[in-house]
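> If you're matching positions, the sequence shown starts at 145 in the working numbering and goes up one per residue.
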Amino acid sequence: MDEKNIPIRTYQVCNVLEPSQNNWLRTDWIPRSGAQRVYVEVKFTLRDCNSLPGVTGTCKETFNLYYHESNEDRESYIKESSFIKVDTVAADESFTQVDVGDRIMKLNTEVRDVKVTTKKGFYLAFQDVGACIALVSVRVFYKTCPLTIRNLATFPDTVTGADTSSLVEVRGSCVNRSEEREEPKMYCGADGEWLVPIGGCFCSPGYEERGGACKACTAGFYKARSVDPACAKCPPHSYSLRDGATVCDCHTGYFRADSDPASMSCTQPPSAPQQLISVVNETSVVLEWAPPRRLGGRSDAIYSVECLIFGPGDRSISNSQTCLPCGSDVLFSPSQLGLRTTRVVVSELKAHTRYTFTVHARNGVSRASGAGSAPSVSVSVTTNQAAPSPVSMIQVLDVTRHSLLLSWQQPDRPNGVILEYEVKFYEKDQKERSYRIMRTFSQTVDVTGLSPLTVYVFHVRARTAAGYGDFSSPFEFSTNSDPFPLIGEGVNSAFLLLSVSGVGVLLLISAAAFIISRRRSKYSKTKQDSEEEKHLNPGVKIYVDPFTYEDPDQAIHDFAKEIDVSSIHIEKVIGMGEFGEVCSGRLRLQGKREIYVAIKSLKAGYSDKQRRDFLSEASIMGQFDHPNIIRLEGVVTRCKPLMIITEYMENGSLDAFLRKHDGQFTVIQLVGMLRGIASGMKYLSDMNYVHRDLAARNILVNSNLVCKVSDFGLSRVLEDDPEAAYTARVGHIPIRWTAPEAITYRKFTTSSDVWSYGIVMWEVVSYGERPYWDMNNQDVMKAVEEGYRLPAPMDCPVVLHQLMLDCWERERAERPSFSQILNMLDKLIRNPGTLRLGSEVCVSVVPEACVPEWSVYEWLQSIGLEIYRETFAAAGYNNLESLLALTHQ
Ligand code: AMP
145 MDEKNIPIRT YQVCNVLEPS QNNWLRTDWI PRSGAQRVYV EVKFTLRDCN
195 SLPGVTGTCK ETFNLYYHES NEDRESYIKE SSFIKVDTVA ADESFTQVDV
245 GDRIMKLNTE VRDVKVTTKK GFYLAFQDVG ACIALVSVRV FYKTCPLTIR
295 NLATFPDTVT GADTSSLVEV RGSCVNRSEE REEPKMYCGA DGEWLVPIGG
345 CFCSPGYEER GGACKACTAG FYKARSVDPA CAKCPPHSYS LRDGATVCDC
395 HTGYFRADSD PASMSCTQPP SAPQQLISVV NETSVVLEWA PPRRLGGRSD
445 AIYSVECLIF GPGDRSISNS QTCLPCGSDV LFSPSQLGLR TTRVVVSELK
495 AHTRYTFTVH ARNGVSRASG AGSAPSVSVS VTTNQAAPSP VSMIQVLDVT
545 RHSLLLSWQQ PDRPNGVILE YEVKFYEKDQ KERSYRIMRT FSQTVDVTGL
595 SPLTVYVFHV RARTAAGYGD FSSPFEFSTN SDPFPLIGEG VNSAFLLLSV
645 SGVGVLLLIS AAAFIISRRR SKYSKTKQDS EEEKHLNPGV KIYVDPFTYE
695 DPDQAIHDFA KEIDVSSIHI EKVIGMGEFG EVCSGRLRLQ GKREIYVAIK
745 SLKAGYSDKQ RRDFLSEASI MGQFDHPNII RLEGVVTRCK PLMIITEYME
795 NGSLDAFLRK HDGQFTVIQL VGMLRGIASG MKYLSDMNYV HRDLAARNIL
845 VNSNLVCKVS DFGLSRVLED DPEAAYTARV GHIPIRWTAP EAITYRKFTT
895 SSDVWSYGIV MWEVVSYGER PYWDMNNQDV MKAVEEGYRL PAPMDCPVVL
945 HQLMLDCWER ERAERPSFSQ ILNMLDKLIR NPGTLRLGSE VCVSVVPEAC
995 VPEWSVYEWL QSIGLEIYRE TFAAAGYNNL ESLLALTHQ
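Shown next, in the form of structure tokens:
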């Protein structure tokens, strides 16, 4: 009977009085159905051995759960030895009496999980070794991440992975009527929760997102592009009658140009330009007009000017009273077509001629409207008399020592009857200081009385009743038939050469000046920077980059002590570094007691660069002196192999150490470790040193759980490679630990170290879990870029996760400094209540409620102040409660 006195069936065994029990109960074959990890929930009751009269040591209070994977769904006999043990299950509750009348049923529920990946199904078995037990029910299930829609992508019901930390990468498919924005992806976590949505879809044109689906825009609305967030109302003078419009149609009489966006109102062509006036000036006309009364709702009106010529003076045309388009010799300023201004100057017209000018207005929809000619306004003018245009070309027909025979063409536009030509000339060397004039009715002139071997400059102009036209441009001819060695327009080669070389010299000088000034400014900037920095941290030593030394050996001698190899005693290999083995051993220096050390050596066959890189770590480490920075004891450079000797850290690197001791520390102890790391990092940042590779694997732990920052190798790797983030060398960047700005544009600063510190916090609190689990680097970068941040690890106090999130602010200026982090951690350690799981802050005044099982000594130890144990005890601080009375003084 169960608690409600309803009969239930159970499997029972209670052979508590007989020794050596080994009773098995086996399930039928259970198909795996694609599951990789199954959960077994067992409900059972168990009798307390003490309550059974007369039992000896044979009575047990546990049973064992086993499984056996198999493809056979009907195995008749399975050997005990082929079952694998899942766990020994004990009862949380056992009962002492079987009093049917007033029975309190103590039903236990235990859940175990087991990885089943090799066969199609499995059997479960229960082994009793002498308990008094009743098995009430066994429920076997597996977990899935349920079908879901995220960012308009559907993710199917997905079976979780085989391991408790594994993530299953799932690609989503865009929901109906949507398009991919960026490949939609999510991860299915082991507990059936979806994690880290990346990418997603957009609703197609004509559709918008409503309740996780894409719904058609209703009549009167439209959506033109998938990237538009929602359907919008049709713009003025347009409509949509059907659902799902991607664009709205224009009302009759309204149009849309090809280049008009769908969001723009429908518009009309302009009306005609207004108030066209003309001013005639000899053979030019200035036309001016006012914009059309109706611009049609657009601002892109342009004008074109049509020019027609009538024929007074030209009998054939005037007789027929026709007009023709003006020739191409008529000039329009600024232009004839595509005018945005409302003024144009028309020149080079014929004198005494009638013209008609028509100004047309058009805009972006003139063509779309299909109207034949654009609305226009016209004016007719008659030009006045005008002087002839200049003679365009002078030729020499004959040359003697003292004369030149010249000829020319009539001007293009004589604008009347040419009465005579005037020829002006002078010796080129004389310029126009003294010139001579000759007049002639013909188009030739024989200029005589010239000096031999002399260059002369000639200009010709024509005269009509309207007066003289302009002189032609200058033409040069020499009285010598041998050509004068001219280059270009009066520039001789010697000058050219000189000027070319002169420009070259000038360029050289200015380039040199530029380079020098750049160098100077860079130098002075560096100097200034470092001076400023020094000013910011008065009295603090500034780290010196050993790569600024021309001679790496000099850097090593400045910062590291040379150790005689005979004082080192190597004992065993403890790890593998980038340059070779890492060993532990002992070091006995004269006059000092023997200490344990770690010895890194540079493997044989190294290159110069490897030697330099290897020793640089020592040159960097040697500059630091802080309890949370690994201490350099010295180097061996005088004999081979080269060695770097550091203090020995018994517990090795922090990540491996935490994995080994999963779940074994109190939160305060973990925070104590983080405090140490923050303190070391504060010291480094005060010295202007940027670590670039801060990660739990680069923190070493000693036997007192003191954490020290190590690995000063990466700081230079990317320095001179601007392409680093985009090339194969990106492999050098520890992506999961590195701030986004450092990955994308190599902005490595103390703030990017703070980001890495946040990741280290996460590693520590999750006992060495891999940040972002088994996501690949590309996905990590994308997720972080999209604002995803690592969730709080299991059992992580809210305050600590908040501090991590602060370290992972996108804007680096918003991240806390190491000094702020240190203060915060100190505060947490001083008020351990704040670290209570899940709660914002522990408000209990009873300290035990906040810190279970924690002594004053342990507390001091966690903050590295255990030497004050006696002082505290002497002052009467014996329990945590008394600590609450501590004041600042
Ligand atoms: P590293 O080349 O500095 O990454 O060192 C490689 C491995 O050697 C580390 O992961 C540690 O396990 C070990 N190791 C390095 N230095 C020390 C040290 N000072 N004390 C103890 N183990 C060390």
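C-beta: ideal position from N, C-alpha, C; glycine also.
1. In this structure, does DSSP put C783 in helix, strand or coil?
2. Give the secondary structure of K736 by DSSP, where H, G and I count as helix, E and B as strand, and everything else as coil.
3. Taking V709 and V815 to be in contact with their CB atoms under 8 Å, please state how far apart those CB atoms are, rounded to whole angstroms.
4. For T500, does the three-state DSSP call read helix, strand or coil?
5. Just verifying my parser: in three-state terms, what is the DSSP assignment at I538?
6. Rounded to whole angstroms, what is the Cα-Cα separation between V850 and I789?
7. Return the CA-CA distance between R737 and D702, expressed in angstroms with no decimal places.
8. Taking 8 Å as the threshold (C-beta atoms), are T189 and L268 in contact?
9. Between V943 and S900, what straight-line distance do the alpha-carbon atoms span, to the nearest angstrom?
10. To the nearest angstrom, report how far apart L204 and H212 are at their CA atoms.
11. Under the criterion of a Cβ to heavy atom distance below 7 Å, does S854 qualify as lining ligand 1?
12. Taking just the CA atoms, how far does V540 sit from T466?
13. Cβ-heavy atom distance between S797 and ligand 1 below 7 Å?
14. C783 to L776, Cα distance in whole Å?
15. Mapping DSSP to helix, strand and coil, what is S547?
16. Give the secondary structure of P478 by DSSP, where H, G and I count as helix, E and B as strand, and everything else as coil.
17. Is the beta carbon of I764 sitting closer than 8 Å to the one on I743?
18. Can G198 and V303 be called in contact, C-beta distance under 8 Å?
19. By DSSP, does A1018 sit in helix, in strand, or in coil?
20. When you measure from the CB of G721 to every non-hydrogen atom of ligand 1, does any distance come out below 7 Å?
21. Under DSSP, the alpha helix (DSSP H) around H945 begins and ends at which residues?
22. How big is the Cα-Cα spacing for T623 and L594?
23. L966 by DSSP, collapsed to three states: which one?
24. Beta carbon of V543, beta carbon of P417: below 8 Å?
25. Measure the Cβ-Cβ separation of S382 and D393 and say whether it is below 8 Å.
26. May I ask you to check if the CB of M793 is nearer than 7 Å to at least one heavy atom of ligand 1?
27. If I measure Cβ to Cβ from R959 and keep anything under 6 Å in the same chain, skipping five residues before and after, which residues do I get?
28. Can you tell me where the alpha helix (DSSP H) holding Q553 begins and where it ends?
29. Can you find a heavy atom of ligand 1 that lies under 7 Å from the Cβ of L844?
30. From the DSSP secondary-structure annotation, give me the bridge partner or partners of S1036.
31. On the DSSP bridge list, what partners appear for K826?
32. What are the partner residues of M582, as DSSP defines its beta bridges?
33. So, under 8 Å CB-CB, P163 and T202 are touching, yes? Tell me the CB distance rounded to an integer number of Å.
34. How big is the Cα-Cα spacing for N1022 and I973?
35. Give the DSSP bridge partners of T189, in chain order.
36. Are there any heavy atoms of ligand 1 lying less than 7 Å away from the beta-carbon of K744, as far as the coordinates show?
So, to answer that:
1. Here residue 783 corresponds to residue number 639 of the sequence shown, with the count starting at 1. Looking at C783 - three-state DSSP - the assignment turns out to be coil, as it is neither helix nor strand.
2. Here residue 736 refers to the residue found at position 592 when the sequence shown is read from its first residue. DSSP, reduced to helix, strand and coil, places K736 outside both helices and strands of the structure shown, so it counts as coil.
3. Counting from 1 along the sequence shown, the entry for residue 709 is found at position 565. Counting from 1 along the sequence shown, the entry for residue 815 is found at position 671. In fact, because the Cβ distance is near 41 Å, the residues do not count as touching under 8 Å.
4. Walking along the sequence shown from the start, residue 500 turns up at place 356. DSSP places T500 in strand when its eight states are reduced to three.
5. Residue 538 sits at position 394 when you count from the first residue of the sequence shown. I538: strand per DSSP, three-state reduction.
6. Counting from 1 along the sequence shown, the entry for residue 850 is found at position 706. Counting from 1 along the sequence shown, the entry for residue 789 is found at position 645. Cα-Cα distance, rounded: 19 Å.
7. Within the sequence shown, numbered from 1, the residue matching residue 737 stands at position 593. Within the sequence shown, numbered from 1, the residue matching residue 702 stands at position 558. Using only the alpha carbons, I get a separation of about 25 Å.
8. On the sequence shown, position 124 is the one that residue 268 refers to. On the sequence shown, position 45 is the one that residue 189 refers to. No, these two residues do not count as a Cβ contact at 8 Å.
9. For this step, residue 943 is matched to residue 799 along the sequence shown. For this step, residue 900 is matched to residue 756 along the sequence shown. V943 and S900 have their C-alpha atoms spaced approximately 18 Å apart.
10. Here residue 204 refers to the residue found at position 60 when the sequence shown is read from its first residue. Here residue 212 refers to the residue found at position 68 when the sequence shown is read from its first residue. Going by the sequence as given, residue 204 is Lys instead of Leu. Straight through space, the alpha carbons of H212 and K204 are spaced by roughly 24 Å.
11. What you label residue 854 is simply residue 710 of the sequence shown in a count that begins at 1. Correct: S854 has its Cβ closer than 7 Å to ligand 1.
12. Counting from 1 along the sequence shown, the entry for residue 466 is found at position 322. Counting from 1 along the sequence shown, the entry for residue 540 is found at position 396. The straight-line gap separating the alpha-carbon atoms of T466 and V540 is approximately 43 Å.
13. Along the sequence shown, one-based indexing puts residue 797 at 653. At least one heavy atom of ligand 1 lies closer than 7 Å to the C-beta of S797.
14. If you number the sequence shown from 1, residue 783 lands on position 639. If you number the sequence shown from 1, residue 776 lands on position 632. Near 18 Å, if we compare the C-alpha coordinates of L776 and C783.
15. Locating residue 547 in the sequence shown gives position 403, where the first residue counts as 1. Residue state, collapsed to three classes: coil.
16. In the sequence shown, the residue the question calls residue 478 occupies position 334. Judged by DSSP in its simplified three-state form, P478 adopts coil rather than helix or strand.
17. Translated into positions along the sequence shown, residue 764 becomes position 620. Translated into positions along the sequence shown, residue 743 becomes position 599. No; because the gap between Cβ atoms is not below 8 Å, this pair is not in contact.
18. One-based indexing of the sequence shown puts residue 198 at position 54. One-based indexing of the sequence shown puts residue 303 at position 159. Contact: no.
19. Here residue 1018 is taken as the residue at index 874 of the sequence shown, counted from 1. Here A1018 sits in helix by DSSP.
20. In the sequence shown, residue 721 corresponds to position 577, counting from 1. G721 has its CB nearer than 7 Å to a heavy atom of ligand 1.
21. In the sequence shown, the residue the question calls residue 945 occupies position 801. Note, H945: alpha helix (DSSP H), V942 to C951.
22. Here residue 623 corresponds to residue number 479 of the sequence shown, with the count starting at 1. Here residue 594 corresponds to residue number 450 of the sequence shown, with the count starting at 1. When rounded, the distance between both Cα atoms is 7 Å.
23. Locating residue 966 in the sequence shown gives position 822, counting from the first residue. The answer is helix: DSSP assigns L966 an H, G or I state.
24. Here the question's residue 543 lines up with position 399 in the sequence shown. Here the question's residue 417 lines up with position 273 in the sequence shown. By the CB criterion at 8 Å, V543 and P417 fall outside the cutoff.
25. Here residue 382 refers to the residue found at position 238 when the sequence shown is read from its first residue. Here residue 393 refers to the residue found at position 249 when the sequence shown is read from its first residue. It is a contact, given that the beta carbons lie within the stated cut-off.
26. Within the sequence shown, residue 793 is the residue found at index 649, counting from 1. For ligand 1, at least one heavy atom lies less than 7 Å from the Cβ of M793.
27. For the purposes of this step, residue 959 is identified with residue 815 of the sequence shown, where counting begins at 1. S895, V898, C951 and E953.
28. Along the sequence shown, read from residue 1 onward, the residue named residue 553 stands at position 409. First-last for Q553: undefined, no H or E at that position.
29. The sequence position of residue 844 within the sequence shown is 700, counting from 1. Indeed, a heavy atom of ligand 1 lies less than 7 Å from the Cβ.
30. Given a span of 145 to 1033 for the chain in the structure shown, any question on residue 1036 remains unanswerable.
31. Within the sequence shown, the letter at position 682 stands for residue 826. Note: K826 is not bridge-paired with any residue in the DSSP secondary-structure output.
32. Within the sequence shown, residue 582 is the residue found at index 438, counting from 1. DSSP lists V567 as partners of M582.
33. By one-based count along the sequence shown, residue 163 stands at place 19. By one-based count along the sequence shown, residue 202 stands at place 58. Their Cβ separation, rounded to whole angstroms, is 5 Å, which keeps P163 and T202 in contact under 8 Å.
34. In the sequence shown, residue 1022 corresponds to position 878, counting from 1. In the sequence shown, residue 973 corresponds to position 829, counting from 1. Each residue's Cα considered, the two are about 17 Å apart.
35. Numbered from its first residue, the sequence shown carries residue 189 at position 45. Beta-bridge analysis with DSSP links T189 to A278.
36. Here residue 744 refers to the residue found at position 600 when the sequence shown is read from its first residue. Checking every heavy atom of ligand 1 against the Cβ of K744, one is found closer than 7 Å.
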